[in-house]
Amino acid sequence: MNMKRENKNVYSVGQVNTYIKNLFAQDFLLERIAVKGEVSNCKYHTSGHIYFTLKDATGAIACVMFAGNRKGLTFRMKEGDNVVVNGSIQVYERDGKYQLYAREITLDGAGALYVRFEQLKQELAEMGMFAPEYKQPIPSFIRTLGIVTAPTGAAIQDIRNIAHRRNPTVQLILYPALVQGEGAAQSIVNGIRALETLGVDAMIVGRGGGSIEDLWAFNEEIVARAVFDCSVPIISAVGHETDTTIIDYVADLRAPTPSAAAELAVWQLEAVEGRIELLQSSLNRQMERHLTLARGRMETLALRLRYVSPQNQLNTKRQYAVELEDRLTFHMQHALRESKHRLQLLAQQMEARSPLKKLSEGYSLVTDEQGKTVRMFAQIETGMKLTIRMLEGDVMTRVEGKQCRKDQKSEI
3 MNMKRENKNV YSVGQVNTYI KNLFAQDFLL ERIAVKGEVS NCKYHTSGHI YFTLKDATGA
63 IACVMFAGNR KGLTFRMKEG DNVVVNGSIQ VYERDGKYQL YAREITLDGA GALYVRFEQL
123 KQELAEMGMF APEYKQPIPS FIRTLGIVTA PTGAAIQDIR NIAHRRNPTV QLILYPALVQ
183 GEGAAQSIVN GIRALETLGV DAMIVGRGGG SIEDLWAFNE EIVARAVFDC SVPIISAVGH
243 ETDTTIIDYV ADLRAPTPSA AAELAVWQLE AVEGRIELLQ SSLNRQMERH LTLARGRMET
303 LALRLRYVSP QNQLNTKRQY AVELEDRLTF HMQHALRESK HRLQLLAQQM EARSPLKKLS
363 EGYSLVTDEQ GKTVRMFAQI ETGMKLTIRM LEGDVMTRVE GKQCRKDQKS EI
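Take 3 as the starting number for the sequence shown in my numbering and just add one per residue.
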């Protein structure tokens, strides 16, 4: 009986974990809680999830931010960051462990500034102040460069060094502005307006790196509006490469550092000189090629002119007449030779058929009393008078009889 009663109070591990999970889910405080601490074991998973541990001097808690909540993180979280994590604490049933599911993470102490930063950024973006169509191109070959920054510090020294190395002919005009603390925003605005009135070709507005509090003057709305309204192209150069301020979105061009801003603004004298030399060489080659082509065309036209000139036409016609005369003479001589040859052939044929030729060979021509040629044996009759014509003369005879060469009877 006791064993059965005890068995009724035994639960599986999953049941216990589910029960504890429900307890956490019913606790309103754990559903919406903000916890601050130092980040450790931070891992960005390939799936997009972020796993990390939040710790302080008294303890630690496992945390996870799923990829779907990454919009609640506006910076790259790393080891040692002091942050405030907003989310809920829940139990992971499979392992029986509880962890903090983060929905929003801000840096501790700077959270309010980041909120103000994002709000102002969204407002200015909705007003179109970040639109690309309002960006002015930085002139390729400036003569004067305005600089709004602190008169001391690494930023102005870097800009001076880079500008002098690239092109010492470019004039640098510094407006010594406050870049941090009370009155810094208005000082930056005054510097932008003063250099715009002076008529510089381009302007660099910036400072060296620092915390968000140190850089906050460049996140003020009055500074953003001064940059947007300025008719002179402005390059923003605030902080280090990873630092981003509001004027970086409003400026015509953003440089990751003041040194990079000087590289972008000041054209390199040596490169331009080298480019000019290349262009000059290319121009000389093109001119030489055009001159060669022009000479060739001129020579061709000169030949054509000589060809169509009256003297050349007359010479050509004369030459053609001579050729025609030669051809006519050739054809006439050829025709004469052909005619002579044919005449010789006809003469030979006539000679071969001439009666005298036959008579000279011993043949005779027999005619009757009427002078008709007797060609057939049957034409001869006994008693007929015949004339036998020979080469030397004619013989008159009478037929006494005739005899056929075949064994036929002859008439007497």
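All C-beta atoms, glycine included, are put in the ideal place defined by N, C-alpha and C.
Here's the rule I'm using: 16 or more other beta-carbon atoms within 10 Å means buried, otherwise exposed. How should C65 be labelled? buried
Tell me, please, which residues DSSP counts as bridged to S238. V207 and R256
Do G208 and P260 have their beta-carbon atoms positioned less than 8 Å apart in this structure? Yes. Within cutoff.
For E222, is the classification buried or exposed, using 16 other Cβ atoms within 10 angstroms of its Cβ as the cut-off for buried? buried
Please specify which runs of the beta strand (DSSP E), each continuous and at least 3 residues long, are wholly inside the stretch 37-113, giving them in chain order. For the stretch 37-113, whole beta strand (DSSP E) runs of length 3 or above, ordered along the chain, are 52-57, 62-67, 84-94 and 99-109.
Tell me which same chain residues have a C-beta within less than 7 Å of the C-beta of T399, skipping the five on either side of it? L388 and I390
Between the Cα of V268 and the Cα atoms of S142, Y100, G395 and I35, which residue gives the shortest distance? The shortest C-alpha separation from V268 is found at S142.
Going residue by residue through the stretch 339-387, where are the continuous beta strand (DSSP E) segments of at least 3 residues, counting only ones entirely within it? 367-369
What is the residue span of the beta strand (DSSP E) that L197 lies within? Run containing L197: none in the beta strand (DSSP E); it sits in the alpha helix (DSSP H), A186 to L200.
Suppose the cutoff is 6 Å on Cβ atoms and the five residues either side in sequence are ignored; what does the same chain contact list for Y177 look like? V150, G193, A196 and L197
Could you spell out where the beta strand (DSSP E) holding I149 opens and where it closes? T146 to T151
Taking Cβ positions, are L271 and R168 nearer each other than 8 Å? yes
Would you grab the beta carbon distance between A219 and V181 for me? Rounded to a whole angstrom, and I think it's under 8 Å. 6 Å
Which class does L467 belong to by DSSP, given the choice of helix, strand or coil? This structure leaves residue 467 out entirely; the chain is present only between 3 and 414.
Of the residues A257, V397, V87 and R287, the one placed nearest F54, counting alpha carbons only: V87
H166 beta carbon less than 8 Å from that of G211: no
Applying the 10 Å Cβ sphere with the 16-neighbour rule, what's the burial state of V397? exposed
Distance, Cα to Cα, I248 vs G98? 45 Å
Could you tell me the distance, in whole angstroms, from the CA atom of S412 to the CA atom of K342? At S412, the pLDDT of 46 sits below 50, so the modelled position is not reliable; the number obtained from the coordinates is stated separately. Rounded to whole angstroms, S412 to K342 spans 53 Å at the Cα level.
For R256, count neighbouring Cβ atoms within 10 angstroms of its own Cβ and tell me buried if that reaches 16, exposed if not. Classification for R256: buried.
Would E198 pass as an interface residue toward chain D - the criterion being a Cβ-Cβ separation below 8 Å? The question asks about chain D, but that chain is absent: this structure has only one protein chain.
Are the beta-carbon atoms belonging to G89 and Y103 less than 8 Å from one another? yes
Kindly list the residues whose CB is nearer than 6 Å to the CB of A264, restricted to its own chain and excluding five residues on each side of it in sequence; keep chain order. I161, I164 and A165
Suppose the cutoff is 7 Å on Cβ atoms and the five residues either side in sequence are ignored; what does the same chain contact list for N11 look like? none
Quick one: grab the DSSP three-state call for V172. coil
Does the beta-carbon distance from T146 to D216 come in below 8 Å? no
Taking the C-alpha atoms as reference points, what is the distance between L326 and A296? In a straight line, the C-alpha of L326 is about 40 Å away from that of A296.
Selection from I224, I214, A253 and D245 that minimises the alpha carbon distance to S233: A253
Report yes if the C-beta distance between I237 and V191 is below 8 Å; otherwise report no. no
Round the Cβ separation of I52 and I91 to the nearest angstrom and send it over; I've been treating them as touching at under 8 Å. So it is not a contact: roughly 17 Å between Cβ atoms.
Can you tell me whether F230 is buried or exposed, with buried defined as 16 or more other CB within 10 angstroms of its CB? buried
With DSSP as the reference, label M300 as helix, strand or coil. Helix, per DSSP.
Cβ distance (whole Å) where G403 is taken to contact T384 below 8 Å: 6 Å
Given 8 Å as the limit, is there contact between the stretch 14-25 and the stretch 64-80, that is, 3 or more CB pairs closer than that? no
List the DSSP bridge partners of V397. I390
Does the separation of the CB atoms of I63 and V41 fall below 8 Å? no
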